[in-house]
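J.: Numbering (UniProt numbering), first residue to last: 1 to 544. Below: one structure in structure tokens.
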């Protein structure tokens, strides 16, 4: 058997016309006759596709390629559903080996759901019977895959619908393990409000959906709100206990000024163990009709791979407010329609915008983007938190410096603080290597670093600043810390983003900061302090 890798191509060198994640014909690997024979394969044999990095394994069904002209090239042609299910691409190289039928797990029970509502006139028993017939005829059954089933009465078709495989028992440790449906397999149809009853023997190690707060500062409240939403979406026990509360999927809308952390939250959200993540952050197509078609396909793919996530990073660009662009308003209506179709699907739709008023108002309803989470310009406490998160282990920031800079950077967003820290870090590194003599020697005409002009001044400040950033150990050994003086210099170069708009933060004002109003101060003290400090005297004067 030849173990040379195969290149992957689309069938007929174009995207497949099969439905998303289709099990009926979508898992076939089309191989030219010459290479089919060299691998010891025949049409209909199961085969294992193993990527060269060993990270991805896929199971398909060997099929004879129709184009004999490709015999000279070592290529295998796959359908779009196989690329979707297993994450393969036409740039991958794979080895293909034969898989014996007995190596496929036998499905004991298969749970299915409708992709689109439409079987109301058909009984549950009829759906389960004809779905089992359809599943026994597909090449293999993979969780998350879709298939078509036709309910007939005699020779007349009553209903034809596509269904998605929600779950297969027995549980497999490896995701996307293929199963074989046999006469002994039980097929259970789940209505839109039904949930899967987990058997006692099933492993409890289910994936945890949460936004990891590591590397994020000043956004604890927003992370808690997102994690609560994730629990409601993915926790089957909660979905069974509160079916009316969670009976319809709705979207989440993040809003706030540029640089406050919206994209960071979205990126962290995509790292959760979703079965599919779809990101829409640019115009979809040249025409409104093509864009709407692409949107519908995205939502179909998400429903076929639950739990899944759809991200609109710039929702205001795709669906601007009603009076700006008529063609984009049609996209807003399309998004609204598709979100409503989700019903009980475990699909989270989340968008982001800098200003709520820039988003089409038809999307901002309790049935669509119900949760609006503000990501504001950070206050002093949040800025301190961000600075502590930004610091590197080798170049720490003392608590005193973080509090000092956090209190003085009014209007700075997370992006500004990151730029500020980088400039302060560069100055600290320049100073460190200059004082340690580790930088390269300068010629007479070479440029001088920022630290060269006042190295001595900073050395004296670091010895006496009381911030834990002093020279350590004596001699020329300099502590690797970013000092207050480094930030002082960086503040001259970084300007706050939020100061471009009107943004107010309550300042700290002491009595000693106010001059020339002694009579007013005395009057305020009499009104506010005397009733507490000299209450008995006031009572006697008043005759009480």
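A virtual CB, placed ideally from N, CA and C, is assigned to each residue, including glycine. These numbers were taken from a predicted model, which means no experiment stands behind them.
Would you report the Cα separation of residue 141 and residue 180, rounded to the nearest angstrom?
T.: Position 141 of the chain shown, counted from the start, is the residue given in the question as residue 141. Position 180 of the chain shown, counted from the start, is the residue given in the question as residue 180. If you take the alpha carbons of residue 141 and residue 180, they lie about 6 Å apart.
J.: Near residue 279, which residues of its chain fall below 6 Å by C-beta distance, leaving aside the five closest residues on each side in sequence?
T.: As a first step, residue 279 must be located in the chain shown, where it is residue number 279. So the list reads 311, once near-sequence residues are dropped.
J.: Return the chain-ordered list of same chain residues with a C-beta closer than 7 Å to the C-beta of residue 114, the five sequence neighbours on each side being excluded.
T.: For the purposes of this step, residue 114 is taken as residue 114 along the chain shown, with counting starting at 1. Within the same chain, residue 114 has close Cβ partners 161 and 163.
J.: Distance check for residue 95 and residue 35, CA to CA, integer angstroms please.
T.: As a working mapping, residue 35 is identified with position 35 in the chain shown. As a working mapping, residue 95 is identified with position 95 in the chain shown. Going by the C-alpha atoms only, they are around 12 Å apart.
J.: Can you name, in chain order, every residue of its own chain whose Cβ lies under 6 Å from the Cβ of residue 545, other than the five neighbours on each side?
T.: Residue 545 falls outside the range modelled here, since the chain spans only 1 to 544, and no answer is possible.
J.: For the alpha helix (DSSP H) containing residue 267, name the first residue and the last one.
T.: Start at 1 with the first residue of the chain shown, and residue 267 comes out as number 267. Counting along the chain, the alpha helix (DSSP H) containing residue 267 begins and ends at 262-270.
J.: Can residue 178 and residue 59 be called in contact, C-beta distance under 8 Å?
T.: In the chain shown, counting from the first residue as 1, residue 178 sits at position 178. In the chain shown, counting from the first residue as 1, residue 59 sits at position 59. Yes, Cβ-Cβ distance for residue 178 and residue 59 is below 8 Å.
J.: So, are the CB atoms of residue 211 and residue 265 less than 8 Å apart?
T.: The residue you call residue 211 lines up with position 211 of the chain shown. The residue you call residue 265 lines up with position 265 of the chain shown. A contact, by the Cβ cut-off of 8 Å.
J.: Hey, quick one: how far does the alpha helix (DSSP H) through residue 386 stretch, first residue to last?
T.: Numbered from 1 along the chain shown, position 386 holds the residue referred to as residue 386. Unbroken alpha helix (DSSP H) run through residue 386: 380-390.
J.: Go to residue 47, then tell me how far its beta strand (DSSP E) extends in each direction, as first and last residue.
T.: What you label residue 47 is simply residue 47 of the chain shown in a count that begins at 1. Element bounds for residue 47: 46-51.
J.: Please look up how many angstroms separate the CB atoms of residue 382 and residue 218, rounded, as I've assumed it's under 8 Å.
T.: Stepping through the chain shown from its first residue, residue 382 is reached at position 382. Stepping through the chain shown from its first residue, residue 218 is reached at position 218. Indeed they touch by this definition, with Cβ atoms about 3 Å apart.
J.: Tell me which same chain residues have a C-beta within less than 7 Å of the C-beta of residue 124, skipping the five on either side of it?
T.: Along the chain shown, one-based indexing puts residue 124 at 124. Around residue 124: 189.
J.: With which residues is residue 371 paired in a DSSP beta bridge?
T.: Within the chain shown, residue 371 is the residue found at index 371, counting from 1. 252.
J.: Below 8 Å between beta carbons: does that hold for residue 494 and residue 428?
T.: Residue 494 sits at position 494 when you count from the first residue of the chain shown. Residue 428 sits at position 428 when you count from the first residue of the chain shown. Result no, Cβ atoms of residue 494 and residue 428 do not sit closer than 8 Å.
J.: Using DSSP bridges, identify the partner residues of residue 77.
T.: To locate residue 77, count along the chain shown from 1; it is residue 77. Beta-bridge pairing links residue 77 to 9 and 30.
J.: Put residue 222 into one of helix, strand or coil per three-state DSSP.
T.: For this step, residue 222 is matched to residue 222 along the chain shown. Helix at residue 222.
J.: Within the present structure, is the beta-carbon of residue 12 separated from the nearest heavy atom of the ligand MN by less than 7 Å?
T.: For the ligand MN, the structure offers nothing, since it holds no ligand at all.
J.: Decide if the segment 377-394 is in contact with the segment 346-364; the criterion is three or more beta carbon pairs, one per stretch, under 8 Å apart.
T.: no
J.: What is the C-beta distance between residue 73 and residue 111, in whole angstroms, given that I count them as a contact (C-beta under 8 Å)?
T.: The residue you call residue 73 lines up with position 73 of the chain shown. The residue you call residue 111 lines up with position 111 of the chain shown. Wrong, their Cβ atoms sit about 42 Å apart, outside the cutoff.
J.: Pull up the distance between the alpha-carbon of residue 330 and that of residue 290, whole angstroms please.
T.: Residue numbering aside, residue 330 sits at position 330 when the chain shown is read from its first letter. Residue numbering aside, residue 290 sits at position 290 when the chain shown is read from its first letter. Taking the straight line from one Cα to the other gives about 12 Å.
J.: Could you tell me if residue 375 is buried or exposed, where buried requires 16 or more neighbouring beta carbons within 10 angstroms of its beta carbon?
T.: What you label residue 375 is simply residue 375 of the chain shown in a count that begins at 1. Sixteen is the threshold: when 16 or more other Cβ atoms of the shown chains lie within 10 Å of the Cβ of residue 375, as they do, the residue is buried.
J.: Tell me which same chain residues have a C-beta within less than 7 Å of the C-beta of residue 530, skipping the five on either side of it?
T.: Mapped onto the chain shown, residue 530 falls at position 530. 538, listed in sequence order.
J.: Would you tell me roughly how many angstroms separate the C-alpha atoms of residue 356 and residue 252, rounded to the nearest one?
T.: Reading the chain shown from its first residue, position 356 is the one you call residue 356. Reading the chain shown from its first residue, position 252 is the one you call residue 252. Residue 356 and residue 252: Cα-Cα distance of roughly 12 Å.
J.: For the alpha helix (DSSP H) holding residue 536, just list the boundary residues, first then last.
T.: On the chain shown, residue 536 is found 536 positions in, with the first residue counted as 1. It spans 535-542 - the alpha helix (DSSP H) in which residue 536 sits, taken as one unbroken run.
J.: Output needed for residue 533: all residues of its chain with C-beta closer than 7 Å, excluding positions within five of it in sequence on either side, in chain order.
T.: As a working note, residue 533 is residue 533 in the chain shown. Counting only Cβ-Cβ distances below 7 Å, and skipping sequence neighbours, we find nothing.
J.: Have a look at 81, 23, 44 and 52 and flag the residue whose alpha-carbon is nearest the alpha-carbon of residue 11.
T.: As a first step, residue 11 must be located in the chain shown, where it is residue number 11. Selected option, being the one with the closest Cα: 81.
J.: If you draw a straight line from the alpha carbon of residue 75 to that of residue 145, how long is it in whole angstroms?
T.: Mapped onto the chain shown, residue 75 falls at position 75. Mapped onto the chain shown, residue 145 falls at position 145. Distance between the alpha carbons of residue 75 and residue 145: 25 Å.
J.: Just to confirm before moving on: does the CB-CB distance between residue 19 and residue 108 stay below 8 Å?
T.: Translated into the one-based positions of the chain shown, residue 19 becomes position 19. Translated into the one-based positions of the chain shown, residue 108 becomes position 108. Not in contact: residue 19 and residue 108 (Cβ atoms no closer than 8 Å).
J.: Taking 6 Å as the limit between beta carbons, can you name the residues of its chain near residue 372, skipping five residues before and five after?
T.: Here the question's residue 372 lines up with position 372 in the chain shown. These residues qualify, in order along the chain: 253.
J.: What would DSSP say about residue 146, mapped onto helix, strand or coil?
T.: Position 146 of the chain shown, counted from the start, is the residue given in the question as residue 146. Note: residue 146 maps to strand in three-state DSSP.
J.: Put residue 101 into one of helix, strand or coil per three-state DSSP.
T.: For the purposes of this step, residue 101 is identified with residue 101 of the chain shown, where counting begins at 1. Reduced to three states, the DSSP call for residue 101 is helix.
J.: DSSP three-state call for residue 210: helix, strand or coil?
T.: Position 210 of the chain shown holds residue 210. DSSP places residue 210 in coil when its eight states are reduced to three.
J.: Going straight from the alpha carbon of residue 424 to that of residue 435, what length do you get?
T.: By one-based count along the chain shown, residue 424 stands at place 424. By one-based count along the chain shown, residue 435 stands at place 435. Approximately 17 Å between the Cα atoms of the pair.
J.: Can you tell me which of the three DSSP states residue 169 falls into?
T.: Position 169 of the chain shown, counted from the first residue, corresponds to residue 169. Reduced to three states, the DSSP call for residue 169 is strand.
J.: My guess is that residue 385 and residue 497 are in contact by the Cβ rule of under 8 Å, so how many angstroms apart are they, rounded?
T.: Along the chain shown, one-based indexing puts residue 385 at 385. Along the chain shown, one-based indexing puts residue 497 at 497. At roughly 18 Å, the Cβ-Cβ gap does not stay under 8 Å, so residue 385 and residue 497 are not in contact.
J.: Just to confirm the assignment, what range does the beta strand (DSSP E) spanning residue 556 have?
T.: Residue 556 lies beyond the residue range present for the chain, which begins at 1 and ends at 544; the question has no answer from this structure.
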